[in-house]
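Chemist: Taking our numbering, I'd label the letters of the sequence shown as residues 22 to 609.
Note that beta-carbon positions come from the ideal geometry of N, C-alpha and C, so glycine has one too.
Got a structure here, written out as structure tokens. Questions coming.
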Amino acid sequence: MRRATARGALALGLLGLLTLASSGSGATRRATVAGGPRAALVDQRAIYLEATPLAGEGLLAFTRRFTGATEAYREIARLNRNPRKLLAGVRYRIPYEVLAQDWKLGAIRALFPGDRASAQGWLHTGGGELASVAAWFTGSERNLPALRAANAAGPERGTPERPVRVPNELLLQVFRWVAPAPLPAPSEAAAGGAAATPGGAIVAPVALPFAADDPARLLDYAEDETGKHAVYRLRPGEALYSAVVVRFTGRIHAEDVNALAVEIAKRSGIADVTDIPVGYPVRIGFDLLLPEFLPAGDPARLAWEAERRVADQFKNEARARGLEGVTVILDAGHGGADVGASSAGVWESLYVYDVMLRVKRRLESSTLARVHATTRDGSSFEVVDRDVLPYSRGHQVLTTPPYRIGDSTIGVNLRWYLANSIFRQARAGGDEKVVFVSIHADSLHPSIRGATVYVPSAALTGGQYGKSGTVFSSRKEYREQPTVSFSQRERQRSEGLSRDLAGHLVSSFRGSDLAVHPYQPVRDRIFRGRRAWVPAVLRYNAVPAKVLLEVCNLANAADRKLLTQREFREKVAATVVEGLLAYFGQNG
Ligand SMILES: [Zn+2]
Numbered sequence: 022m023r024r025a026t027a028r029g030a031l032a033l034g035l036l037g038l039l040t041l042a043s044s045g046s047g048a049t050r051r052a053t054v055a056g057g058p059r060a061a062l063v064d065q066r067a068i069y070l071e072a073t074p075l076a077g078e079g080l081l082a083f084t085r086r087f088t089g090a091t092e093a094y095r096e097i098a099r100l101n102r103n104p105r106k107l108l109a110g111v112r113y114r115i116p117y118e119v120l121a122q123d124w125k126l127g128a129i130r131a132l133f134p135g136d137r138a139s140a141q142g143w144l145h146t147g148g149g150e151l152a153s154v155a156a157w158f159t160g161s162e163r164n165l166p167a168l169r170a171a172n173a174a175g176p177e178r179g180t181p182e183r184p185v186r187v188p189n190e191l192l193l194q195v196f197r198w199v200a201p202a203p204l205p206a207p208s209e210a211a212a213g214g215a216a217a218t219p220g221g222a223i224v225a226p227v228a229l230p231f232a233a234d235d236p237a238r239l240l241d242y243a244e245d246e247t248g249k250h251a252v253y254r255l256r257p258g259e260a261l262y263s264a265v266v267v268r269f270t271g272r273i274h275a276e277d278v279n280a281l282a283v284e285i286a287k288r289s290g291i292a293d294v295t296d297i298p299v300g301y302p303v304r305i306g307f308d309l310l311l312p313e314f315l316p317a318g319d320p321a322r323l324a325w326e327a328e329r330r331v332a333d334q335f336k337n338e339a340r341a342r343g344l345e346g347v348t349v350i351l352d353a354g355h356g357g358a359d360v361g362a363s364s365a366g367v368w369e370s371l372y373v374y375d376v377m378l379r380v381k382r383r384l385e386s387s388t389l390a391r392v393h394a395t396t397r398d399g400s401s402f403e404v405v406d407r408d409v410l411p412y413s414r415g416h417q418v419l420t421t422p423p424y425r426i427g428d429s430t431i432g433v434n435l436r437w438y439l440a441n442s443i444f445r446q447a448r449a450g451g452d453e454k455v456v457f458v459s460i461h462a463d464s465l466h467p468s469i470r471g472a473t474v475y476v477p478s479a480a481l482t483g484g485q486y487g488k489s490g491t492v493f494s495s496r497k498e499y500r501e502q503p504t505v506s507f508s509q510r511e512r513q514r515s516e517g518l519s520r521d522l523a524g525h526l527v528s529s530f531r532g533s534d535l536a537v538h539p540y541q542p543v544r545d546r547i548f549r550g551r552r553a554w555v556p557a558v559l560r561y562n563a564v565p566a567k568v569l570l571e572v573c574n575l576a577n578a579a580d581r582k583l584l585t586q587r588e589f590r591e592k593v594a595a596t597v598v599e600g601l602l603a604y605f606g607q608n609g
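Here it is in structure tokens:
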């Protein structure tokens, strides 16, 4: 971490004693830093953070929290007259020079709210001797001559009208221009860069570069010795798992969430992930961020935005009254020997099959859709009218001949061969209105509730694929077309239509007061560890509009309880049917 030089530390110590001795002389200005502590500017020369310890926090933990390491603890102790122990409610001073960069940025923002980064460097508006300005923003007074040179004939002190410019190459990382703000529309730029809102207020066009536009507005961006990262400050009631890991990294499986929480906590200097103070700056490496949370202009974010723009061109335009002429392929996840997720004796395979049956029954009784199921338990499609369902491993995939599910991978691959066969038949009969809905319940980090809808990412569904072996070649659907591959345009169209369908399903869930995933209910890939992929039942599926619906999280006790109630499963089924109707332009 950053270490003050021995000479610097001595000078700081002396300065600290002097300022304490002279405190109350009226030369101190204070401002509250986001997250609770205060920043103090003494005699226009020295900045301190003034912070209270957490319950039970000792000097070492306190030092680590604000400096990122423990080396500065003696210096902090000396500055505060060597307390025997830190007392709750008492503010202790930490010299600016040893602060972690995020807190430096926080203190500067609080004390000099007019300051901002720019492509030309940091623009400091708030006074202070040039030597101090050099120390605050570059880390050393030795950069004073270079700072003077950059401000030749400029002011000795910054003002809002004539800021002192600290060139990028001199700046500490945290003050550097990271991402250019999005360009204003040409007319606004021509008008001098200030945009009038409809209400007539003038909005300053220059955003702080560390705050990208939405949805990343929640984040600041910085760089430390580990690399570029986003900074999120926890709000009251938020936990690291859901508010940070699930939201910003997209990881939802318990092991991934836990592992990343540990990684992020370590990088952020957090010792106890269950006890993080409100406002604490949590650092998330760029390699972990979902692309939409990268700074505007970041290449990975631009690529993601471009992909979304292409996919969003494709929306379903087919309308179907009462779903007339629509073919719905319903797929219940797992089954047979493959019980899927299982939690407290609740097998995913049993309950999602029941939901599928209820969707099928509703479609057949209240719409004109043709319905195909990919699996069946026993010899008929019969809804068992019970809350807790009897155990069964009797599910088979309805290929010709059927496959009694013994191997989960074979079961999955036969489903898309079957779906593709049904799709070819429908298309041959002149019917293009085909949708595929696979119904699952997932097992995620227990903090997560509600439904998630997976769609196929166009970027992850390229290539040619086909299975081999007698279990496949003995089936009619396989022999019709053993391999699949899709053009880029087909994949983009499929992603777009599938997102459209997923959006209608999510709206329908929300409209029925059924829980959906709080942050990204529609996802185009599954993350596990550092890998990402599209589930096979979607990836090799030729039906253009296809989704995998996770109706709830079995690892969450409340969700699990709901799934074992037939009333909930019937409600989910009705909601799926409503979503299908809405996709075909039938809104209630
Ligand atoms: Zn599943």
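In whole angstroms, give me the CA-to-CA distance for residue 595 and residue 504.
Modeler: In a straight line, the C-alpha of residue 595 is about 35 Å away from that of residue 504.
Chemist: Between residue 463 and ligand 3, is there a pair consisting of the residue's CB and a ligand heavy atom that are separated by less than 8 Å?
Modeler: No copy of ligand 3 occurs in the structure displayed; its ligands are ligand 1 alone.
Chemist: Are the beta-carbon atoms belonging to residue 438 and residue 498 less than 9 Å from one another?
Modeler: Yes, these two residues count as a Cβ contact at 9 Å.
Chemist: I'd like the list of long-range same chain contacts for residue 135, defined as Cβ closer than 7 Å, with 5 residues on each side in sequence excluded.
Modeler: Closer than 7 Å at Cβ, skipping near neighbours: 146, 147, 181.
Chemist: May I ask whether a heavy atom of ligand 1 can be found less than 8 Å away from the beta carbon of residue 571?
Modeler: Yes, ligand 1 has a heavy atom inside 8 Å of this Cβ.
Chemist: Can you give the Cα-Cα distance for residue 475 and residue 366, rounded to whole angstroms?
Modeler: Those two C-alpha atoms are separated by around 26 Å.
Chemist: If you follow the alpha helix (DSSP H) that residue 189 is part of, which residue opens it and which one closes it?
Modeler: Unbroken run through residue 189: none, as it is neither H nor E.
Chemist: Can you tell me whether residue 565 is buried or exposed? The criterion is at least 16 other CB atoms within 10 Å of its CB, across all chains shown.
Modeler: Buried: at least 16 other Cβ atoms inside 10 Å.
Chemist: Grab the span of the beta strand (DSSP E) containing residue 505 for me, first residue to last.
Modeler: Residue 505 -> beta strand (DSSP E) spans 504-506.
Chemist: Determine the DSSP secondary structure at residue 575, reduced to helix, strand or coil.
Modeler: Three-state DSSP puts residue 575 in coil, outside helix and strand.
Chemist: Short check: CB of residue 416 to CB of residue 425, under 9 Å?
Modeler: Yes.
Chemist: Taking the C-alpha atoms as reference points, what is the distance between residue 200 and residue 478?
Modeler: For residue 200, the predicted structure reports a pLDDT of 42, less than 50, and the residue's modelled location is therefore unreliable. A value from the coordinates is still provided. Those two C-alpha atoms are separated by around 27 Å.
Chemist: Compute the minimum distance between the beta carbon of residue 355 and the heavy atoms of ligand 1, and state whether it is under 8 Å.
Modeler: Yes - ligand 1 has a heavy atom lying nearer than 8 Å to the Cβ of residue 355.
Chemist: Could you tell me the boundaries of the beta strand (DSSP E) in which residue 348 lies?
Modeler: Counting along the chain, the beta strand (DSSP E) containing residue 348 begins and ends at 348-353.
Chemist: Residue 261 and residue 298: beta carbons closer than 9 Å?
Modeler: Going by C-beta atoms, residue 261 is not nearer than 9 Å to residue 298.
Chemist: What residue ranges within the segment 404-432 form continuous beta strand (DSSP E) runs of no fewer than 3 residues, ordered along the chain?
Modeler: Runs of the beta strand (DSSP E) inside the segment 404-432: 416-418.
Chemist: Any heavy atom of ligand 1 within a distance shorter than 8 Å of the CB on residue 324?
Modeler: No, the beta carbon of residue 324 sits no closer than 8 Å to any heavy atom of ligand 1.
Chemist: On the criterion of 16 or more Cβ atoms from any shown chain inside 10 Å, does residue 342 qualify as buried, or is it exposed?
Modeler: Its Cβ having fewer than 16 others within 10 Å, residue 342 is exposed.
Chemist: Would DSSP call residue 141 helix, strand or coil?
Modeler: Coil.
Chemist: Using the rule of at least 16 other Cβ atoms within 10 Å of the residue's Cβ for burial, across every protein chain shown, is residue 593 buried or exposed?
Modeler: Label assigned to residue 593: buried.
Chemist: Rounded to the nearest angstrom, what separates residue 281 and residue 339 at their Cα positions?
Modeler: Distance between the alpha carbons of residue 281 and residue 339 is about 43 Å.
Chemist: Over the uninterrupted beta strand (DSSP E) stretch that includes residue 64, give me the two end residues.
Modeler: From DSSP, residue 64 is part of no beta strand (DSSP E); its letter is neither H nor E.
Chemist: For the structure I just gave you, are there three or more beta carbon pairs, one from the segment 112-129 and one from the segment 65-81, closer than 8 Å?
Modeler: Contact holds: three or more Cβ-Cβ distances are below 8 Å.
Chemist: Please identify the residue among 509, 395, 240, 470 whose C-alpha is closest to the C-alpha of residue 578.
Modeler: Of the listed residues, the one whose Cα sits closest to residue 578 is 470.
Chemist: DSSP three-state call for residue 565: helix, strand or coil?
Modeler: Coil.
Chemist: Taking 9 Å as the threshold (C-beta atoms), are residue 601 and residue 349 in contact?
Modeler: Cβ atoms of residue 349 and residue 601: closer than 9 Å.
Chemist: DSSP on residue 343, reduced to helix/strand/coil?
Modeler: Looking at residue 343 - three-state DSSP - the assignment turns out to be helix.
Chemist: Between residue 362 and ligand 1, is there a pair consisting of the residue's CB and a ligand heavy atom that are separated by less than 8 Å?
Modeler: At least one heavy atom of ligand 1 is nearer than 8 Å to the Cβ of residue 362, so yes.
Chemist: Does the segment 300-309 touch the segment 284-291, meaning 3 or more C-beta pairs lie closer than 8 Å?
Modeler: They touch, by the three-pair rule.
Chemist: Here's the rule: buried if 16 or more other CB atoms are within 10 angstroms of the residue's CB, otherwise exposed. What is residue 249?
Modeler: Result: buried.
Chemist: Return the CA-CA distance between residue 107 and residue 553, expressed in angstroms with no decimal places.
Modeler: Each residue's alpha carbon lies about 47 Å from the other.
Chemist: Tell me, please, which residues DSSP counts as bridged to residue 592.
Modeler: Answer is none; residue 592 lacks a bridge partner.
Chemist: Express the C-alpha separation of residue 76 and residue 326 in angstroms, rounding to a whole number.
Modeler: Roughly 44 Å separates the two Cα atoms.
Chemist: Kindly indicate which three-state DSSP category residue 608 falls into: helix, strand or coil?
Modeler: If DSSP states are grouped into helix, strand and coil, residue 608 belongs with coil.
Chemist: Could you give the first and the last residue of the continuous alpha helix (DSSP H) run that contains residue 464?
Modeler: Premise fails: residue 464 is in no alpha helix (DSSP H) and is neither H nor E.
Chemist: By how many angstroms is the C-alpha of residue 543 removed from the C-alpha of residue 608?
Modeler: So the two alpha carbons sit approximately 21 Å from each other.
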